[in-house]
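Structure first, then comments.
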């Protein structure tokens, strides 16, 4: 359980930024607080963004924009989200614990923390996604995930190019509301593919080899084998690396297959 | 006999309070000025405390006391909630200089609020001399590290233990010559099966509060299944006369055996004694996982031999059980491994059952629904399913051929007679419900999914023969309503209700006229407690006896008021009347009123107790249908049918929910629940995040049916139901997985990974 | 810090510790229906509504509830009792410890989903663990309740 010396609702992003900069080691931006609770952080100033209107989902300038305080539950119920990318964003989070948890957990919290088990990050990575930071500006999600966590910055929103791509999501879990043992998202737009594999158990990454297989017409099975071979799979409580590697081959194949069928149906 | 209340689906008496969120549980009743108690726990699996510095911590404002090993009575005891003299060894102090598992208590800290206690906990400095821990129970016997070398280790009687070898208990039981019998068999199967140290995971964690009353007596309010054993053990461990301790049990948020062992009681009790102040402790979920008790982890080796026609002629079983750091319930759980599994097949067989229970530096095991029978059932039933394959016989037919018959003595069940059994009917009904003929062994769903079905049968007991005792007092109050006083502990199972149903049946009155008190050792009659599937059968019989006596007394007193011969008096529940002149009568209300005041009244109460010389087994047949994804190994139970013979079903609804809940726990054990330790002895699945109990989307809609037998020794023909229902899922699911995939998983839980990797071997 | 939190229509103007959780706040002021079942946001026992949406009060900072409307079982007593009767008719409450959180999730579901399928129901309620019942009794209670729609007869929202 964490402790908090002072709890602040900044009235503007500038104020939030200024507060954070005062002591970015000990001050913290709050997300949904469910994961935070598991640690023992001693927070000097807890900065709650929930009164800054960041809980909006908007479609503008050719992008689907998810504010940092959008809850995972909103992804399941908001028609802008469910109507796009074959609904994989809502579907990817629908297994996470329960509705009351997903009403707390936020997009910003999930993406910023770079959790290996994040279903959402895995799904977003297979789309054309950028993150918008208060200081760091806008950068591609893959680049953001690969960089170390900048504790002096604030994630404001996630932008997804509204390009009408088809997508599919697959995961295997020990129990239906558990973390994924392995998660896979695949998308396709005009012959260009993205294959994302998460919970390896390390964080989600793209398999370029798998995407190339699909682009060159080698087919879903070859893509599955490529993702299994290209990426690194480790062991943890939930499964061994060897098993994960086998799962990767199967789930990538299945997701690619589904995506192809959706593409063919238009 | 037409029953009015027994055999009816009557709602639980406390249902409205529970669903209404009323403050009826231990933590809801804590006095406002209670000290908060927390326990500093060992981070090491095996160590000797070199020094503890607590002076700085003691100076934290609000801290009331910090107790360490130097501050506690040097009295050995066991936390097991068993009848005195307990078979479990006395191998604990409240705090000891040696710590034996990660989580063993090191210091008790009490203060004004949780913040000051947390602060003080962080300031206590403990230095340890680390010892080499024993973490693998298969390596524990004669390990160079001896976990209990203490000189004051004590047991009441020989359970085959030898602490210098890390052996808590051992023994064997045999009938005939199993070696020769095996040699004479046409077919023999042999296997080694592993089960895990599952957590009971009741929703309400352990919690207790304590205070001194106006007589300076120690009052303990606790979420416990065993208030009377609690009183005795608390008094003993604290060196108090028993008369100075009172234990009260409010509503309990589940137990499943976890609360048949004392867990949280002694810490606030000691604080209250030392400070004179009320004190409370509420375990976190992590503490409940890491520092309480669990199912015994086991390795069971079975050899079963049969003739070509399916007659089983020999069963040889050895079980190794992991007691963990302390020996609660060690010698008794292991007994059930064989004694509740072999009798089903020992009708014409020679058998041998031998066992060893060892200490390790992991959390102590204790009681968990099924109590060893569950582990034995997984091994034995899996072996029977493998035998059926070898014999090329239908596994249901193989069982029907060998089951014990009513009227026979069961040599593998302590030579007790079988007085009621509807197991064959359970098997046939279950086969029908699951669609055995159409689906056995498997059905292909599509190119990568297969559905398999599997089965298992089981038995349990109804109380511990000649030990478990329940006493009951029933009082007739001044308006003609009754108070039923019991010492059995309703932990959500509904025993208050079913015992009231029995009372209403005998006294021929509506349920509303009977109130059932919670348990208070000052006021309730003695009961060994709610465990070993004893309450319906043992305490229920005491209810029947007491109510029958009271009914006779009411008739006699009525006769006196009516000036008629007692033999002519009849009590119909509302009035006592003259059988020959029914118009001559006195209402119960009037009679009761006259019995409480005025000259020559006699306030009526009746007390009876019961202890059964035998423990009639309830039976169950369980059938699982699973769907396996052959490419990922993912397995989902898509249907589960349980058909139960618990004798007369006292309350159809509550019995059904007991069965559904037990099966769900069994499915969790079979597929999900996995306690593991890291190489240093730290438990790694100590949260609901890592230890997955089934949620509703993990389960099919479990189907339960009853085949009622009539148990002549039970109240209204009833036997038990609480435990028998958890046993079948593990072997039935393992069987179904085998039928779907050809993979035999001998080690629980049956994970997708084991299935997939098994398919490739 | 100072907060204004409305619980079941009653305004609480209170100083609270900055790291207090909503669960602790609610129990402190006597809303004992709110139970804690775990430390990791996994069990659903502590479910209450914030602005009508079910959340885990064990993980929801009390400070964040500043200016918000909180509903506990005590605030929907009659509707809870009505559903509770369907539970007790099945014996599905068993130990009852998970019942308040479960009932809060059920009543929220009733407001959020129209004519849900069985699968949608079990998905919506998947975050409410119960160790006693195996869920089948809860499912029977839910079915009967959704069929009878007692809230229409009782004229509730």
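Protein chains in written order, with the working numbering: chain A, 1 to 266; chain B, 1001 to 1761; chain C, 2001 to 2157.
Quick reminder that beta carbons are idealized off the backbone N, C-alpha and C, glycines included.
Keep in mind the model is a prediction, meaning the values are calculated, not measured.
#1: Which residues does DSSP pair with residue 1242/B in a beta bridge?
#2: Measuring straight from C-alpha to C-alpha, what distance separates residue 2052/C and residue 73/A?
#3: Residue range of the beta strand (DSSP E) that residue 112/A falls in?
#4: Name, going along the chain, the residues of the region 2083-2097 of chain C whose beta-carbon falls closer than 7 angstroms to a beta-carbon of chain B.
#5: Taking only runs that begin and end inside the region 1430-1516 of chain B, name each unbroken beta strand (DSSP E) of 3 or more residues, in chain order.
#6: Against chain C, with Cβ distances strictly below 8 angstroms, would residue 100/A count as a contact?
#7: Please state if the CB of residue 1632/B and the CB of residue 195/A are separated by a distance shorter than 8 angstroms.
#8: Are the C-beta of residue 1999/C and some C-beta of chain B separated by less than 8 angstroms?
#9: Which full runs of the alpha helix (DSSP H) of 4+ residues lie inside the region 50-110 of chain A, going along the chain?
#10: Taking buried to mean at least 16 other C-beta atoms within 10 Å of its own C-beta, is residue 2157/C buried or exposed?
#11: Can you check whether the CB of residue 2033/C is closer than 8 angstroms to the CB of residue 104/A?
#12: Using a Cβ-Cβ cutoff of less than 7 angstroms, which residues in the same chain neighbour residue 1549/B once the five nearest sequence positions on both sides are dropped?
#13: Under 8 angstroms between C-beta atoms, does residue 2103/C make it to chain B?
#14: If the cut-off is 8 angstroms on Cβ atoms, which residues from the region 1427-1450 of chain B count as contacting chain A, listed in chain order?
#15: Taking C-beta pairs closer than 7 angstroms, name the residues in chain B that residue 2115/C reaches, listed in chain order.
#16: Find the residues of chain C that neighbour residue 1701/B, judging by a C-beta separation of less than 7 angstroms, and give them in chain order.
#17: Between which two residues does the alpha helix (DSSP H) harbouring residue 1602/B extend?
#18: Of the choices 1385/B, 1049/B and 1195/B, whose alpha-carbon is the least far from that of residue 1070/B?
#19: To the nearest angstrom, how far is it from the Cα of residue 1093/B to the Cα of residue 240/A?
#20: Hey, how far is the Cα of residue 2081/C from the Cα of residue 1672/B?
#21: Return the CA-CA distance between residue 2083/C and residue 1556/B, expressed in angstroms with no decimal places.
#22: Alpha carbon to alpha carbon, how far is residue 30/A from residue 156/A? Give it in angstroms, no decimals.
#23: Does residue 2129/C get closer than 8 angstroms to chain B when you measure Cβ to Cβ?
#24: Per DSSP, residue 1351/B is paired with what?
#25: Is residue 1674/B helix, strand or coil when you go by DSSP?
#26: What number of angstroms, rounded off, separates the C-alpha of residue 4/A from the C-alpha of residue 1243/B?
#27: How many angstroms separate the CA atom of residue 1742/B from the CA atom of residue 1748/B?
#28: For residue 110/A, I'd like the list of residues in its chain whose CB is within less than 6 angstroms of its CB, leaving aside the five on either flank, ordered along the chain.
#29: Taking the alpha carbon of residue 238/A as the reference point, which residue from 174/A, 19/A and 80/A has its own alpha carbon closest?
#30: Could you say which of 45/A, 49/A, 37/A and 80/A lies nearest to residue 160/A if we only look at CA atoms?
#31: Under 9 angstroms Cβ-Cβ, which residues of chain A neighbour residue 2064/C?
#32: So which residues of chain A does residue 1698/B contact, with C-beta pairs closer than 7 angstroms?
#33: To the nearest angstrom, how far is it from the Cα of residue 116/A to the Cα of residue 200/A?
#34: Under 8 angstroms Cβ to Cβ from residue 231/A, same chain only, skipping five residues before and after it: list those, please.
#35: Can you give me the C-alpha to C-alpha distance between residue 26/A and residue 151/A, rounded to a whole angstrom?
#36: Figure out for me which residue from 1735/B, 1625/B, 1126/B and 1464/B has the closest Cα to the Cα of residue 1535/B.
According to the structure data:
#1: Residue numbering aside, residue 1242/B sits at position 242 when the second chain is read from its first letter. Paired residues: none, contrary to the question.
#2: One-based indexing of the third chain puts residue 2052/C at position 52. One-based indexing of the first chain puts residue 73/A at position 73. One C-alpha to the other measures close to 14 angstroms.
#3: Your numbering for residue 112/A matches position 112 in the first chain. Looking at the DSSP string, residue 112/A is not in any beta strand (DSSP E); the run it does join, the alpha helix (DSSP H), is 107-113.
#4: Answer in chain order: 2084, 2087, 2088, 2089, 2090, 2091, 2092, 2093, 2094, 2095, 2096 and 2097.
#5: 1442-1444, 1449-1459, 1469-1476, 1482-1486 and 1514-1516
#6: Translated into the one-based positions of the first chain, residue 100/A becomes position 100. Closer than 8 angstroms to some Cβ of chain C, the Cβ of residue 100/A qualifies, so yes.
#7: Position 195 of the first chain, counted from the start, is the residue given in the question as residue 195/A. Position 632 of the second chain, counted from the start, is the residue given in the question as residue 1632/B. Contact flag unset, no.
#8: The requested residue 1999/C does not occur in the structure, where chain C is confined to residues 2001 to 2157.
#9: For the region 50-110 of chain A, the continuous alpha helix (DSSP H) assignments of 4+ residues that do not extend past its boundaries occur at 72-77, 79-82, 88-93 and 99-102, in sequence order.
#10: Walking along the third chain from the start, residue 2157/C turns up at place 157. Only weak support is given to the placement of residue 2157/C: the predicted model assigns it a pLDDT of 47, under 50, and the value that follows is read from those uncertain coordinates. So residue 2157/C ends up on the exposed side.
#11: One-based indexing of the first chain puts residue 104/A at position 104. One-based indexing of the third chain puts residue 2033/C at position 33. Contact flag unset, no.
#12: The count along the second chain starts at 1 and reaches residue 1549/B at position 549. Closer than 7 angstroms at Cβ, skipping near neighbours: 1606 and 1608.
#13: Locating residue 2103/C in the third chain gives position 103, where the first residue counts as 1. Closer than 8 angstroms: yes.
#14: none
#15: For the purposes of this step, residue 2115/C is taken as residue 115 along the third chain, with counting starting at 1. Those within 7 angstroms of residue 2115/C in chain B number zero; the least Cβ separation is about 19 angstroms.
#16: In the second chain, counting from the first residue as 1, residue 1701/B sits at position 701. At a beta-carbon threshold of 7 angstroms, the residues of chain C lying near residue 1701/B are 2136 and 2139, ordered along the chain.
#17: Counting from one through the second chain, the residue named residue 1602/B turns up at place 602. Residue 1602/B -> no alpha helix (DSSP H), and no H or E assigned at all.
#18: Here the question's residue 1070/B lines up with position 70 in the second chain. It is 1049/B.
#19: Numbered from its first residue, the second chain carries residue 1093/B at position 93. Numbered from its first residue, the first chain carries residue 240/A at position 240. The straight-line gap from Cα to Cα measures roughly 40 angstroms.
#20: Locating residue 2081/C in the third chain gives position 81, counting from the first residue. Locating residue 1672/B in the second chain gives position 672, counting from the first residue. Cα to Cα, the separation comes out at about 34 angstroms.
#21: Taking the first residue of the third chain as position 1, residue 2083/C is located at position 83. Taking the first residue of the second chain as position 1, residue 1556/B is located at position 556. Each residue's Cα considered, the two are about 46 angstroms apart.
#22: As a first step, residue 156/A is located in the first chain; it is residue number 156 there, counting from the start. As a first step, residue 30/A is located in the first chain; it is residue number 30 there, counting from the start. If I take the Cα positions, the gap works out to 12 angstroms.
#23: Residue mapping note: residue 2129/C aligns to position 129 of the third chain, counting from 1. Closer than 8 angstroms: yes.
#24: On the second chain, position 351 is the one that residue 1351/B refers to. In the DSSP output, where bridge partners are listed per residue, residue 1351/B has 1175/B and 1315/B.
#25: Walking along the second chain from the start, residue 1674/B turns up at place 674. DSSP places residue 1674/B in coil when its eight states are reduced to three.
#26: Translated into the one-based positions of the first chain, residue 4/A becomes position 4. Translated into the one-based positions of the second chain, residue 1243/B becomes position 243. Rounded to whole angstroms, residue 4/A to residue 1243/B spans 47 angstroms at the Cα level.
#27: Your numbering for residue 1742/B matches position 742 in the second chain. Your numbering for residue 1748/B matches position 748 in the second chain. Residue 1742/B and residue 1748/B: Cα-Cα distance of roughly 17 angstroms.
#28: Taking the first residue of the first chain as position 1, residue 110/A is located at position 110. The answer, listed in chain order, is 118 and 120.
#29: Here residue 238/A corresponds to residue number 238 of the first chain, with the count starting at 1. Taking only the C-alpha atoms, the option nearest residue 238/A is 174/A.
#30: The sequence position of residue 160/A within the first chain is 160, counting from 1. Checked all of 45/A, 49/A, 37/A and 80/A; the closest Cα to residue 160/A is 80/A.
#31: Against the third chain, residue 2064/C aligns to sequence position 64. Result: 7, 9, 30, 33, 48 and 50.
#32: Here the question's residue 1698/B lines up with position 698 in the second chain. Here the neighbours are 175 and 176.
#33: On the first chain, residue 116/A is found 116 positions in, with the first residue counted as 1. On the first chain, residue 200/A is found 200 positions in, with the first residue counted as 1. Taking the straight line joining both Cα atoms gives about 7 angstroms.
#34: One-based indexing of the first chain puts residue 231/A at position 231. Within the same chain, residue 231/A has close Cβ partners 197, 200, 205, 207 and 248.
#35: Here residue 26/A corresponds to residue number 26 of the first chain, with the count starting at 1. Here residue 151/A corresponds to residue number 151 of the first chain, with the count starting at 1. Computed Cα separation, rounded: 9 angstroms.
#36: Translated into the one-based positions of the second chain, residue 1535/B becomes position 535. It is 1464/B.
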